[in-house]
Each structure stands twice: as C-alpha cells, then as structure tokens.
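Engineer:
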Amino acid sequence: KYDRFCGVAGTSRQSQIAHLLIDVYCKSATLDNMLETVLAGPETVPVIQALTGGNYRLRGFNCRRMTGAPDFGGQGWHRDNAGEFSIGFLLSDIPEGENGATSFIGGSHYFPYDPQSNTTLSDDGWHVTSPVRRWRKCLPANRLLWRSLKGRVTHACGQAGDIYIFFGDTWHGRQFNVNGCQTTIVLAGGFPTQFPYPEHTNLPEGEALEAMPPGTRQLIGNDQPLNEGSTGLIAEMLRQRVRLRRSSLFYLAMIERHLAVATTEGRLLSKASSAASRLINKLLRRRQN
273 KYDRFCGVAG
283 TSRQSQIAHL
293 LIDVYCKSAT
303 LDNMLETVLA
313 GPETVPVIQA
323 LTGGNYRLRG
333 FNCRRMTGAP
343 DFGGQGWHRD
353 NAGEFSIGFL
363 LSDIPEGENG
373 ATSFIGGSHY
383 FPYDPQSNTT
393 LSDDGWHVTS
403 PVRRWRKCLP
413 ANRLLWRSLK
423 GRVTHACGQA
433 GDIYIFFGDT
443 WHGRQFNVNG
453 CQTTIVLAGG
463 FPTQFPYPEH
473 TNLPEGEALE
483 AMPPGTRQLI
493 GNDQPLNEGS
503 TGLIAEMLRQ
513 RVRLRRSSLF
523 YLAMIERHLA
533 VATTEGRLLS
543 KASSAASRLI
553 NKLLRRRQN
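Taking my numbering, I'd label the letters of the sequence shown as residues 273 to 561.
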C-alpha cells in the first residue's frame, strides 16, 4: 500500500518497500542534463530513431528508490500504453539476484493481450478481493502458460550509469527485493508522434519548460511533426502481433481468469463455473494430444 504526498519536490508515493517520485522534470539540473545527454548520445539516437520512425514525444520521467525492506511481492506483469517505449537509468548498482530489478518476458511484445487484465500471472489489475488468489491452483491453463514463459524471464541488472531501452508492450514488472538492496532507477517514457498521449500526462510548462535543456524541451508537447506513415519498429511490432486464436493457451488462460473474477464477485453460479472448468480441461487435453 502506497501513501501519496504532494510537496515542494512534486508528487510522490511511498510505502515500506519503495519511494516513487513522479514527474521529476526540473527537480534536478543534474538529472535533466543526464536525460539530455542520453537522448542526444551517439549510441542511443539510432536506437530511438529505429524504434519510433524518427519523431517522438516524451511523457513520464519518474524516479524509484527501493528502501531495502523485504519485498516478496514485486510488481506484477503488465504492459504500458500502446506505442510507448521506456528508457531506464540505473543510478545505483543492481546486482544479479532478487534485488528489485525491472524484469521482462522475452518476446512478449508480440503476445495478443495484456497480462494484467487477462491472466492470473499477477495480482495487479484484478481489482477484486483477496479470495480470488485461491483460484490459481484451480486454473490449469494459466499454470501451463506460466510454465511455458518463465524460461524467458530476464532482469535489468547492471552498474550505476547503465541504461536500458524497451518496448512498453513487453510484459514487464519488478522482481522481488529480498537482499536488503537500496537501489535507485529513473524511467523516462516516450511515444512516436503518430501515437496520442494517454490521459493524465503531466508535463512541465512555462518557466519550468524554458529552464529545461533545449534538446529535451523540444521533445515535450505536440510541436514535433508526425512520422510519415506507420514507420519504426514499434509500429511494425504492433502490425506483426499475434492474433488471439480460440484454440490457443492464451485464450484459455483469459477465459479462466475472467471466470475466476466473476465467480469470486458473485456474478456466476458455481455450477456454471464448474462446467466451464470441465470444458477448459477438455480443451487442454485435446491440445496436448
């Protein structure tokens, strides 16, 4: 559970395990210049241009510090807004092991849906009471789906000063932090200009905007030209995304998840749920044969 604060440093959310400072534009000249250096760097410019098709807009710029308190929950698998990409800055070392690094499932940017709302791989996004978690042991399609995916999991470990760039559509989360590590990362997000900003995007304005480094300032707002056509790796990735087939394990996992939520919330009779569970098990046996 997070407590929300609004003060001179901006908006932040704090819990026993982490402290998140939201929209850190213009809070630190050093941090602003670091972002400017990365966005203009000879190594990163070609990568971002290939991702976006050339023109893009910045969105969030947040800083997260792990307190070192034991965190056995992490952050559940999810994906960001369609078309979004993120740049992670390691402000401290994050060693290998369960030390609160950002985690990814390789190749999941091609998957046909969002894990937060359509699987039981994480608690996030269920918006229901805790009894729904008991359903996990009774959901064979979700168990098989996780078994097929867990070998793809990687973590963004490294040394202070390292950066990583990823599709926001990649299923990602945060691994457990069980070794007392006090780590700090910054995440900056952006969109190719043909994608709209999501709602509730807070960007610097007025004097704060003018105080930012010139390269970063140009990437904020709607003044950049639109990319011609659906160019860039992000647009191509969305075109190539696998379609959801009713015979797939993804579809069965989605049906299981929604049945579990509906039943827990009392919207379905137990007999109907049992019949659906038998049908899913039958389909799974056919698939395995």
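Positions of the beta carbon are idealized from the N, C-alpha and C atoms, including for glycine.
Keep in mind the model is a prediction, meaning the values are calculated, not measured.
How is Ala432 classed by DSSP in three states: helix, strand or coil?
Structural biologist: As a working note, residue 432 is residue 160 in the sequence shown. Here Ala432 sits in coil by DSSP.
Engineer: Quick one: give me the first and last residue of the beta strand (DSSP E) that Asp275 is part of.
Structural biologist: Taking the sequence shown and counting its residues from 1, one reaches residue 275 at position 3. Counting along the chain, the beta strand (DSSP E) containing Asp275 begins and ends at Asp275 to Gly279.
Engineer: Assess contact between the stretch 438 to 446 and the stretch 472 to 483, defined as three or more Cβ pairs (one per stretch) separated by less than 8 Å. Is contact present?
Structural biologist: As far as the Cβ criterion goes, the stretch 438 to 446 does not touch the stretch 472 to 483, which means the pair count is below three.
Engineer: Would you list the one or two residues that DSSP bridges to Gly462?
Structural biologist: Your numbering for residue 462 matches position 190 in the sequence shown. Paired residue(s): Leu330 and Phe357.
Engineer: Going by DSSP, what residue range makes up the alpha helix (DSSP H) through Trp349?
Structural biologist: Along the sequence shown, one-based indexing puts residue 349 at 77. Trp349 -> not in any alpha helix (DSSP H); beta strand (DSSP E) instead, spanning Gln347 to His350.
Engineer: Closer than 8 Å is the cut-off here; do at least three beta carbon pairs connect the stretch 423 to 440 with the stretch 364 to 373?
Structural biologist: The stretch 423 to 440, when compared against the stretch 364 to 373, does touch it at the 8 Å Cβ threshold.
Engineer: Below 8 Å between beta carbons: does that hold for Thr488 and Asp304?
Structural biologist: Position 216 of the sequence shown, counted from the start, is the residue given in the question as residue 488. Position 32 of the sequence shown, counted from the start, is the residue given in the question as residue 304. Yes. Within cutoff.
Engineer: Hey, Arg446 and Gly346 are a contact pair by Cβ (cut 8 Å); roughly how many whole angstroms apart?
Structural biologist: If you number the sequence shown from 1, residue 446 lands on position 174. If you number the sequence shown from 1, residue 346 lands on position 74. So it is a contact: roughly 5 Å between Cβ atoms.
Engineer: My output table needs one value for Arg529: the three-state DSSP class, helix, strand or coil.
Structural biologist: Translated into positions along the sequence shown, residue 529 becomes position 257. Here Arg529 sits in helix by DSSP.
Engineer: For the beta strand (DSSP E) containing Gly478, name the first residue and the last one.
Structural biologist: Here residue 478 corresponds to residue number 206 of the sequence shown, with the count starting at 1. Taken as a continuous stretch (DSSP letters only), Gly478 belongs to no beta strand (DSSP E), being part of the alpha helix (DSSP H) at Gly478 to Glu482.
Engineer: So, is Leu498 buried or exposed, given that buried needs 16 or more other C-beta atoms within 10 angstroms?
Structural biologist: Mapped onto the sequence shown, residue 498 falls at position 226. Classification for Leu498: exposed.
Engineer: Identify the residues that DSSP records as bridge partners of Thr574: which are they?
Structural biologist: The first residue shown for the chain is 273 and the last is 561, placing residue 574 beyond what the model contains.
Engineer: Cα-Cα, which of Ala373, Gly462, Leu307 and Ile492 is closest to Gly348?
Structural biologist: The sequence position of residue 348 within the sequence shown is 76, counting from 1. Closest option to Gly348, Cα to Cα, is Ala373.
Engineer: For the stretch 318 to 338 and the stretch 500 to 509, state whether three or more C-beta atom pairs, one from each stretch, are separated by less than 8 Å.
Structural biologist: Enough Cβ pairs lie closer than 8 Å, so yes.
Engineer: Name, in chain order, the residues that DSSP records as bridge partners for His291.
Structural biologist: Within the sequence shown, numbered from 1, the residue matching residue 291 stands at position 19. Paired residues: Gln286 and Arg337.
Engineer: CB Pro387 to CB His350, shorter than 8 Å?
Structural biologist: In the sequence shown, counting from the first residue as 1, residue 387 sits at position 115. In the sequence shown, counting from the first residue as 1, residue 350 sits at position 78. In contact: Pro387 and His350 (Cβ atoms closer than 8 Å).
Engineer: Is it the case that the CB of Ala301 approaches a heavy atom of the ligand MG more closely than 7 Å?
Structural biologist: As for the ligand MG, it is missing from this structure, which has no ligand bound.
Engineer: Give me the Cα-Cα distance between Ser380 and Thr392, rounded to the nearest whole angstrom.
Structural biologist: To locate residue 380, count along the sequence shown from 1; it is residue 108. To locate residue 392, count along the sequence shown from 1; it is residue 120. Going by the C-alpha atoms only, they are around 16 Å apart.
Engineer: If you measure between the beta carbons of Arg329 and Gln512, is that distance less than 8 Å?
Structural biologist: In the sequence shown, counting from the first residue as 1, residue 329 sits at position 57. In the sequence shown, counting from the first residue as 1, residue 512 sits at position 240. It is not a contact, given that the beta carbons lie outside the stated cut-off.
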